[in-house]
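See structure below.
Protein chains: 2
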Amino acid sequence: MPRFAYVNGRYRPHAEAAVHIEDRGYQFADGVYEVVPVDDGALVDEDPHLDRLGRSLGALEIPWPLSRANLALIGRELVRRNGIRDGLIYIQVTRGVAPRDHGFPAKARPSLVMTTRRRRPLPAHLFDVGAKVITIPDIRWRRCDIKSIGLLPNVLGKEAARRAGAFEAWQVDDAGFITEGTSTNAWIVDAAGRLVTRDPGAAILSGVTRRALLALVAGQGITVEERPFSLAEARAAREAFLTSSTSLVMPVTAIDGAPVGSGRPGPVATALRQLYAAHVDAEAGRAP
Amino acid sequence: MPRFAYVNGRYRPHAEAAVHIEDRGYQFADGVYEVVPVDDGALVDEDPHLDRLGRSLGALEIPWPLSRANLALIGRELVRRNGIRDGLIYIQVTRGVAPRDHGFPAKARPSLVMTTRRRRPLPAHLFDVGAKVITIPDIRWRRCDIKSIGLLPNVLGKEAARRAGAFEAWQVDDAGFITEGTSTNAWIVDAAGRLVTRDPGAAILSGVTRRALLALVAGQGITVEERPFSLAEARAAREAFLTSSTSLVMPVTAIDGAPVGSGRPGPVATALRQLYAAHVDAEAGRAP
C-alpha cells in the first residue's frame, strides 16, 4: 500500500513529499510540532495535543495553518489512507516560506506537514526490566515549554544515551536539578514515598502523558509534588520512571549505571503503568 | 534570468528547489550553515568560512557532503549562473533524510543546499548615523560556537529588535555580560580606549569578520582585550560597533535608547570600518 504524507494542502506519496529549501523550518527551526498517538485506529489525547499545538504556535505568533477541526480531519484521513491501526500522527507547522532573513517575514503562509508512522515495538522485555538512563548537562534554550523543532540538543543527548547503551538521557540544570529527558518527562518516587516530577515552566515541556497521569493519580491516595528534584534525590529514590506518548509509563531502573531502588521496576511505576494503560484503553474505545 | 539553487547534486530553478519532509534539518534543526560574501564576483574570506563549516560539521559528526574543493566549485558555478556580482552564497548541510528518530540514523547521506542572493542595500545613511541596538536575555543553547540552523531564539531576538526600531539585539547572559548580537558580534571601545570583544568559547560564534578584524588590528597600536564585557560597560563605553559578513563594521550609537559616547559613529569604529573595507578590496582583487 502506498504511504501518503500531507504537505500544504495535498496528499503526496511519502517519497515525493517535499518542502521548499527556504521554508523557515529548514533554515531557522522556526516551527513547532506535535505527535499524536493512534491506538486501535483512535487518536489518543487528541484535545490536549491540539491545545498544546495552539500554545506553541501562539508563543511564536505563527497562525494556525488551517482550522483546528480541519487539521484533525486531515489527521484522521491520513490514518485511514495509510492503514494505521497503532502508531502516531506527526504534525509540523512552520512560519512558512520566505527569502532568508531572521525577523518574521511580512507575508508568509504557515507550512503544514503531517505524516503517520506505525508503532515501533520497544525492545523486548524493556518494561519488565526497566530502562536505563544516563544524565547529561541540560544545554538547551530557555523556552523548552515551546514544542519547537529546534531539537539539536535533544538529538545529541539521545545519541549520547544510545552510545552508552541507555534508553534515554536525563538533563540536569546548573543547580543540579533534573529537568526532563530528551523526549520524555522524568519522575521519581522519593524516600518518603511521594511521587515527584518537575513543575511545568520554561525548563520543560509539559508532556501530555505527564498531565494525563497527574490527573489519573489524583484521588489515588498518593502524595504528588510538582517541583524540581535533584540528581542526588533521583539516585536515592525508591523508584524512578519516565513518561511520553510513545513510552507511556516506563520504569527507570538505572541512572548512570547505578541501580534505582531494588534495580527492578517498582510497585508504584507498575501500578501507574496499568492506570495509564486503562486511560489509553478508554481513549481507544476498548471496554475496560 | 532564471535563478538557480544547488540541491543534493543538481542545479534546480529556485522556485522548485525542495528537500524531503524527513530531512533532519527540517524536523530536528540537525544541520549547520555558512554565509560567504561575494564582492565584485569574488568570494570573501572563503577559507575561514569553509574552515568553520568543517568545525561545525565535525562538532555534530556530520561528514562533508562532498569535498571542500568541490563545494567551493559549486559555489562559484552558482554565482556565475545567477549573475551575482555583489551578494552572498548560502551553504546549508544537514545530517540527511531518515525516518524520524532523535538519535543519529545508521545510514543517511548529508544533504547539501546552496543558494545565492544579491546584496541587499542597508538602510540609507545607516553607517553615517550608526545602528541602534536593544538588549535582551540570551536564551540560546550552550553551544553557540556551532553555526547550527537551530536559530529560533535568534529569529525571536531579531524580531524584537525590529519591533523596537533597532537594527540588532545584543544578548546578555545571566552574569550581565553581553555575548553577541543575533547575527553579529559585539564590540566596544571602553573608557580607557581599549578595544573589547567577547573571547571565543561556547557562548558565541567566532565570527569570520570578527577574526579578520582582530588580525587587521594587530600592529595598529590599539590595545585589544578578548573578554566578556558587561552591559554597564557597554553603556559607559566611548564607542560601540558590531561586525558580520554582511554588516561589515557597523557603528552602534544607541543601546536601549541611550546614546553611546557622543551618540555618533566614533573615530575608532570609523577607522576600523575603513581598515576592513581595504581587506574586502584585497579579497575582491581591487587595487588599493
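In order, the protein sequences belong to chains A and B.
Residue numbering for the first sequence follows numbering that gives the first Met the number 0, starting at 0 and increasing by one per position.
Residue numbering for the second sequence follows numbering that gives the first Met the number 0, starting at 0 and increasing by one per position.
Every residue, glycine too, gets a C-beta built ideally from N, C-alpha and C.
Owing to the predicted nature of the structure, the values given are computational and were not obtained by experimental measurement.
At a cut-off of 3 residues, the continuous stretches assigned as beta strand (DSSP E) that sit fully inside the segment 120-193 of chain B are 130-136, 167-171, 176-180, 184-188.
A/Ile-73 and A/Leu-247 have their alpha carbons spaced roughly 25 angstroms apart. In the same chain as A/Pro-109, and ignoring 5 residues on each side of it, the C-beta atoms closer than 7 angstroms to its own belong to Ile-61, Pro-62, Pro-64, Val-92, Thr-93, Arg-94, Gly-95, in chain order.
Residue burial annotation: A/Ser-147 is buried, with at least 16 other C-beta atoms found within 10 angstroms of its C-beta. Within the same chain, and ignoring the five residues on either side of B/Val-259 in sequence, the residues whose Cβ sits closer than 7 angstroms to its Cβ are Ala-236, Glu-238, Ala-239, Val-251, Thr-252, Ala-253.
Residues of the same chain with a CB within less than 8 angstroms of the CB of A/Glu-21, apart from the 5 flanking positions on each side, are Val-96, Ala-97, Pro-98, Arg-99 in chain order. Within chain A, His-101 have C-beta atoms less than 7 angstroms from the C-beta of B/Ser-182, given in sequence order. Take A/Glu-33, set aside five residues on each side of it, and the residues of its chain with a beta-carbon closer than 6 angstroms to its own are His-48, Leu-52, Ile-90, in chain order. Here the C-alpha atom of A/Asp-44 lies approximately 14 angstroms from the C-alpha atom of A/Arg-75. Annotation: A/Glu-282 to B/Asp-198 spans about 54 angstroms, alpha carbon to alpha carbon. In the three-state scheme derived from DSSP, where H, G and I count as helix and E and B as strand, A/Ser-110 is classed as strand. Around the beta-carbon of A/Asp-127, fewer than 16 other beta-carbon atoms lie within 10 Å, marking it exposed. With contacts defined as CB atoms closer than 8 angstroms, A/Thr-178 and A/Arg-209 fail to qualify as a contacting pair. Listed in chain order, the alpha helix (DSSP H) runs fully inside the segment 226-271 of chain A are 230-234, counting runs of at least 4 residues. With fewer than 16 other CB atoms across the displayed protein chains lying within 10 angstroms of its CB, B/Pro-122 is exposed.
Secondary structure of A/Glu-282 (DSSP, three-state): helix. One alpha carbon belongs to A/Arg-116, the other to A/Ile-83, and they sit about 7 angstroms apart. Using a Cβ distance threshold of 8 angstroms, B/Thr-134 and B/Leu-230 count as a contacting pair. B/Val-6 has B/Arg-9, B/Val-112 as its beta-bridge partners, per DSSP. Assigned with DSSP and collapsed to three states, A/Val-207 falls in helix. B/His-124 sits exposed, since fewer than 16 C-beta atoms from the chains shown fall within 10 Å of its C-beta. Among the CB atoms of chain A, one or more fall inside 8 angstroms of the CB of B/Ser-147. The beta carbon of A/Thr-222 lies closer than 6 angstroms to those of Arg-193 in the same chain, with the five residues before and after it left out.
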